[in-house]
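Q:
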Amino acid sequence: MQINLKEKIALVTGSSKGIGKAIAYSLAKAEAKVIITARGKEELENTAKEFREEGLKIYPLVADITKKSDIKKLVLQITDQFSAIDILVNNVGGVHDFVRLEDINDEEWQTMFESNFFSNVKVTREVLPYMQKKKWGRIINISSESAVQPDAVIPHYNAAKAAINSFTKTLSKAYAKDGILINAVSPAFIMTPQIKSIIEEKSKKQNVSPKEFMDAFIKQFRPGTQSTRPGKPEEVAALVTFLASDHASFITGANMRVDGGSVSTI
42 MQINLKEKIA LVTGSSKGIG KAIAYSLAKA EAKVIITARG KEELENTAKE
92 FREEGLKIYP LVADITKKSD IKKLVLQITD QFSAIDILVN NVGGVHDFVR
142 LEDINDEEWQ TMFESNFFSN VKVTREVLPY MQKKKWGRII NISSESAVQP
192 DAVIPHYNAA KAAINSFTKT LSKAYAKDGI LINAVSPAFI MTPQIKSIIE
242 EKSKKQNVSP KEFMDAFIKQ FRPGTQSTRP GKPEEVAALV TFLASDHASF
292 ITGANMRVDG GSVSTI
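Quick note, the sequence shown lines up with residues 42 to 307 if you use my numbering.
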């Protein structure tokens, strides 16, 4: 199956590295014009340079997606140049440590929801009118397996991702009539630079190799993972690209997992 997104304008938030970078690359390979955005200018420019060396249509714009003013400016920059945003991938967010409730203060709860949930709300609200005008759009929210099968740690992250799933389903019902399809994609244990950094840090503290730590982590927290390995960002990106295409024209309101069998339920 060949996916062609030629002439589609795609915005991927949090896309200078990791899953977001892989998604941006996959969309660009399908011939979409892809806007990548992140807070760090240097890393963003390096990613854009890497993509352009392959002849891909990539446009880097620096923005802090937790700030309403930055979001408005970002969307206006894109629509002034391209007149539309056809595909939105809300990827910004993440978690930096495996912490328990007693170690999380109120400010950290607020920050987690700002980056992992409210950022999605704010960007989506700005982009929706342009999709409604064209009567065509795709919104893919990057959630997590933790939204439906949370662990005993990172409760603020688990709750924020669960909110994304509910948000996705609600909007899918509200905007299907406008030709806008809205879905969530839930990765499991994906080996991103951020996760790799956490593993290296934790393994040093426990005086074990990164592989030993990772194997123990999978056994303890992801015992259902059938592939016995972390996933790859490219495996998430392939599903997102499919959902952004006309091949997925009868799919909306879904939460589609890329989890290697980690989640126990169907």
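Don't be surprised by glycine CBs; every beta carbon is placed ideally from N, CA and C. Predicted model, so just to flag it, every value in this text is computed and none were measured.
#1: Spatial neighbours of A193 within its chain, please: C-beta separation below 8 Å, excluding the five flanking residues on both sides.
#2: Take the Cβ of N146 as the centre, count every other Cβ of all protein chains shown within 10 Å, and call the residue buried at 16 or more, exposed below.
#3: Throw me the rounded Cβ distance for the T209 and A225 pair, which I believe falls under 8 Å.
#4: Please say whether K74 and F123 have beta carbons closer to each other than 9 Å?
#5: Can you give me the C-alpha to C-alpha distance between S244 and H137, rounded to a whole angstrom?
#6: Using beta-carbon positions only, say whether G59 and T233 come within less than 9 Å of one another.
#7: Take G81 and list the residues in its own chain whose beta-carbon comes closer than 7 Å to its own, dropping the five residues that flank it on each side.
#8: Per DSSP, S227 is paired with what?
#9: Going by DSSP, which residues form a beta bridge with Y100?
#10: Going along the chain, which residues of its own chain have a beta-carbon closer than 6 Å to the beta-carbon of D300, five neighbours each way excluded?
#11: Using DSSP bridges, identify the partner residues of N182.
#12: Quick test of the definition: if touching needs 3 or more C-beta pairs under 8 Å, does the region 155–166 touch the region 128–135?
#13: So for G55, helix, strand or coil by DSSP?
#14: From which residue to which residue does the alpha helix (DSSP H) around H288 run?
#15: For L102, which residues of its own chain have a beta-carbon under 7 Å away from its beta-carbon, when the five flanking residues on both sides are left out?
#16: For L297, collect the residues of the same chain with a Cβ closer than 8 Å to its Cβ; drop the 5 residues on either side in sequence, then sort them by chain order.
#17: With a cut-off of 9 Å, does the C-beta of E95 fall near any C-beta of chain C?
#18: Can you give me the start and stop residues for the alpha helix (DSSP H) that N146 sits inside?
#19: In this structure, does DSSP put I50 in helix, strand or coil?
#20: DSSP on G61, reduced to helix/strand/coil?
A: Taking the coordinates as given:
#1: Sequence index remark: in the sequence shown, residue 193 carries index 152 (1-based). Spatial neighbours of A193 in its own chain (CB-CB distance under 8 Å, excluding positions within 5 residues in sequence) are listed in chain order as R141.
#2: Within the sequence shown, numbered from 1, the residue matching residue 146 stands at position 105. Here N146 is exposed, its C-beta having fewer than 16 other C-beta atoms within 10 Å.
#3: If you number the sequence shown from 1, residue 209 lands on position 168. If you number the sequence shown from 1, residue 225 lands on position 184. Confirmed, about 4 Å.
#4: Locating residue 123 in the sequence shown gives position 82, where the first residue counts as 1. Locating residue 74 in the sequence shown gives position 33, where the first residue counts as 1. Note that the C-beta distance between F123 and K74 is below 9 Å.
#5: As a position in the sequence shown, residue 244 is number 203, starting the count at 1. As a position in the sequence shown, residue 137 is number 96, starting the count at 1. The straight-line gap from Cα to Cα measures roughly 15 Å.
#6: Position 18 of the sequence shown, counting from 1, holds the residue named residue 59. Position 192 of the sequence shown, counting from 1, holds the residue named residue 233. For G59 and T233, yes; Cβs fall inside 9 Å.
#7: Position 40 of the sequence shown holds residue 81. If we look at G81 and ignore the five residues flanking it on each side, its Cβ neighbours are S57.
#8: For the purposes of this step, residue 227 is taken as the residue at position 186 of the sequence shown. DSSP output for S227 lists R298 as bridge partner(s).
#9: Position 59 of the sequence shown, counting from 1, holds the residue named residue 100. Beta-bridge partners assigned by DSSP to Y100: I76.
#10: On the sequence shown, position 259 is the one that residue 300 refers to. Counting only residues of its own chain and dropping the five nearest sequence neighbours on each side, D300 has a CB closer than 6 Å to the CB of E186 and A229.
#11: Residue mapping note: residue 182 aligns to position 141 of the sequence shown, counting from 1. Answer by DSSP bridge pairing, in chain order: N131 and A225.
#12: Enough Cβ pairs lie closer than 8 Å, so yes.
#13: In the sequence shown, residue 55 corresponds to position 14, counting from 1. When DSSP states are grouped into helix, strand and coil, G55 belongs to the coil group.
#14: Residue 288 sits at position 247 when you count from the first residue of the sequence shown. No alpha helix (DSSP H) holds H288; DSSP gives it neither H nor E.
#15: Numbered from 1 along the sequence shown, position 61 holds the residue referred to as residue 102. Here the set comprises I76, T78, L115 and Q118.
#16: Position 256 of the sequence shown, counted from the start, is the residue given in the question as residue 297. For the record, residue 297 in the displayed sequence is Met; it is not Leu. Correct list, in chain order: N224, A225, V226, S227, L280 and L284.
#17: In the displayed structure, chain C is absent; only one protein chain is listed.
#18: To locate residue 146, count along the sequence shown from 1; it is residue 105. Judged by DSSP secondary structure, N146 falls outside any alpha helix (DSSP H); it is assigned neither H nor E.
#19: On the sequence shown, residue 50 is found 9 positions in, with the first residue counted as 1. The DSSP-derived three-state label of I50 is strand.
#20: The residue labelled residue 61 in the question sits at position 20 within the sequence shown. The answer is helix: DSSP assigns G61 an H, G or I state.
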